[in-house]
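Counted from 1, the sequence shown has number 1632 at position 385 by the numbering used here; the numbering is strictly sequential.
We treat Cβ as the ideally placed atom computed from N, Cα and C, and that holds for glycine.
Data block below; observations after.
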Amino acid sequence: MTVRIPSTGPASSGVDDQDLDRLPPARFAYDLSTWKEITHLLANLPVSLFGFVYVVSVLVTGTAMTVTVIGFPLLAAGLMGARQLGRLERGRARALLGVRIDEPSPLPLGRTTGWLNRLWLMLKDPVGWRTALYDFIRLPWGILTFAVTLTSLFVLWPVLPFIARGLANVDRAMVRGLLSPSDELERRIAELESDRGVVVDTAAADLRRIERDLHDGAQARLVNLAMGLGLAKEKLLEDPDSAATMVEEAHGEVKLALQELRDLARGIHPAVLTDRGLDAALSSVASRCTVPVKVTADLTARPAEAIEGIAYFTVSELLQNISKHSGARSASVDVWRSDDRLLIQVWDDGRGGASLDRGTGMRGLAERLGAVDGLFVVESPEGGPTTVTAELPWRDRPAGSGSSGKGTPRKG
1248 MTVRIPSTGP
1258 ASSGVDDQDL
1268 DRLPPARFAY
1278 DLSTWKEITH
1288 LLANLPVSLF
1298 GFVYVVSVLV
1308 TGTAMTVTVI
1318 GFPLLAAGLM
1328 GARQLGRLER
1338 GRARALLGVR
1348 IDEPSPLPLG
1358 RTTGWLNRLW
1368 LMLKDPVGWR
1378 TALYDFIRLP
1388 WGILTFAVTL
1398 TSLFVLWPVL
1408 PFIARGLANV
1418 DRAMVRGLLS
1428 PSDELERRIA
1438 ELESDRGVVV
1448 DTAAADLRRI
1458 ERDLHDGAQA
1468 RLVNLAMGLG
1478 LAKEKLLEDP
1488 DSAATMVEEA
1498 HGEVKLALQE
1508 LRDLARGIHP
1518 AVLTDRGLDA
1528 ALSSVASRCT
1538 VPVKVTADLT
1548 ARPAEAIEGI
1558 AYFTVSELLQ
1568 NISKHSGARS
1578 ASVDVWRSDD
1588 RLLIQVWDDG
1598 RGGASLDRGT
1608 GMRGLAERLG
1618 AVDGLFVVES
1628 PEGGPTTVTA
1638 ELPWRDRPAG
1648 SGSSGKGTPR
1658 KG
């Protein structure tokens, strides 16, 4: 099974250019898609009439009154209303014409300070203006399609499916041309907003995990240590042997607390990654895997710290999955740079069947990589082997922030 997660998260192209090609061909017999198209064409007249009246009464009036104080707020409110009309039209096209169009990203009014700035943001909204243009020019087309469809339904009903398909195709083109997101930049803004949400959620989850580990692990041991040392202090003169035993137990608790703190620090950001780079850090995490792992890192320089950290934790999570679930006898990790991309490939000869839908771990990795314009590809047929390929954008490390060096193959 192959699963490919594009860098853009939940991101999509905005308009599905193949929607029209996937429609069943028009034929003399009436089918469900034909009746949907006829319904859409007959509804064009009341819908376009309402849109035309709205544009003329609100937007044209607001434009004419811009010489007064209330003109600009009225025009801005009209454009916001036009946005809602566009949402309804996209829903109608989606239900009756099978056209899939992404919703434009909302205006960032909550992040804009000052009512003048918000007013200007609404006035220059390209989505609102294009929707207003759509509603304004649709009235003649709505009258034409209603008259032709209604007449053909009684006079030319044998060829009405072909007439309806032709008229509906014009409707599809108009919806795509005027009601789709503004351009690639508009879609990119929506993707970045989604990616930002993923990053915030991931950071919050990491903070909760660190807090939980500290509270349940090292903090609890240090509390027990303080209590034990307090009791030992009280018995130091009365019962030296018991006090010595308690001090010895406290010494063991100190060792365990230090080990838990080291493990926690390694989970936040391992020291070997900071000091020696990705090659040594991956070899270190591979040595803790229950399956023999061969690590090859072919890097002549170190990437930016954020990219390096994501690469490390991606490999660490994948190797943990191999240890727990794969049943593999051997595995390998390959890291290399190709132009402006950092590529990671983790392979194992286990039972296969890995999927993004079978747990939150792999899905979380895909979302984390998607948040930085990365890719995550899983190839894991039943019976194995499993190959996971991760791709990250290469960003150069600032001068003086770390050493560089070419990685060499290592056996974990």
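Proximity of residue i and residue j at Cβ, strictly below 8 Å
i, j, result
"Ser1295", "Trp1388", "yes"
"Asp1382", "Val1302", "yes"
"Arg1549", "Gly1574", "no"
"Arg1334", "Arg1341", "no"
"Leu1639", "Ala1558", "yes"
"Leu1565", "Val1624", "no"
"Pro1428", "Asp1349", "yes"
"Leu1483", "Ala1490", "yes"
"Met1493", "Leu1478", "yes"
"Glu1336", "Val1417", "no"
"Leu1386", "Phe1299", "yes"
8 Å contact criterion, which residue i and residue j should meet: CB distance rounded
i, j, result
"Glu1284", "Ala1411", "4 Å"
"Trp1594", "Pro1632", "6 Å"
"Thr1537", "Leu1616", "At roughly 25 Å, the Cβ-Cβ gap does not stay under 8 Å, so Thr1537 and Leu1616 are not in contact."
"Ser1570", "Lys1541", "No, Ser1570 and Lys1541 are not in contact; Cβ-Cβ is about 15 Å, not under 8 Å."
"Ile1554", "Leu1589", "6 Å"
"Gly1630", "Gly1611", "About 26 Å separates the two Cβ atoms, so there is no contact after all."
"Leu1546", "Asp1522", "With a Cβ gap of about 16 Å, Leu1546 and Asp1522 do not count as contacting."
Contacting residues, own chain, Cβ-Cβ under 6 Å from residue i (five flanking each side not counted)
i, result
"Asp1581", "Thr1543, Gln1592"
"Gly1375", "Leu1326, Ala1329, Arg1330"
"Leu1476", "Ala1497"
"Asp1587", "Trp1641"
Close beta carbons around residue i, own chain, < 7 Å, minus the five adjacent residues each side
i, result
"Gly1309", "Gly1318, Leu1321, Leu1322, Gly1325"
"Met1312", "Gly1318, Leu1321"
"Ile1390", "Leu1292"
"Leu1270", "Ser1280, Gly1345"
Chain-order list of residues whose beta-carbon lies under 8 Å from that of residue i (same chain, five-residue window excluded)
i, result
"Leu1368", "Leu1354, Pro1355, Leu1356, Thr1359"
"Asp1643", "Ala1548, Pro1550, Ala1551"
"Thr1396", "Ile1285, Leu1288, Leu1289, Leu1407, Ile1410, Ala1411, Leu1414"
"Ser1577", "Val1538, Pro1539, Val1540, Lys1541, Asp1595, Asp1596"
"Asp1268", "With a pLDDT of only 45 at Asp1268, under the threshold of 50, the placement of this residue in the model should not be trusted; the figure read from the coordinates follows. Nothing meets the Cβ criterion."
"Phe1393", "Leu1288, Leu1289, Asn1291, Leu1292"
Bridge-paired residues (DSSP) for residue i
i, result
"Thr1281", "None; Thr1281 has no bridge partner."
"Gly1317", "For the record, residue 1317 in the displayed sequence is Ile; it is not Gly. For Ile1317, which the question treats as bridged, DSSP gives no partner whatsoever."
"Ala1578", "Val1540, Asp1595"
"Phe1409", "Partner(s): none; Phe1409 has no beta bridge."
"Ser1585", "Arg1588"
"Pro1550", "Asp1643"
"Thr1382", "The question names Thr, but residue 1382 in the sequence shown is Asp. Answer is none; Asp1382 lacks a bridge partner."
"Asp1545", "Trp1583"
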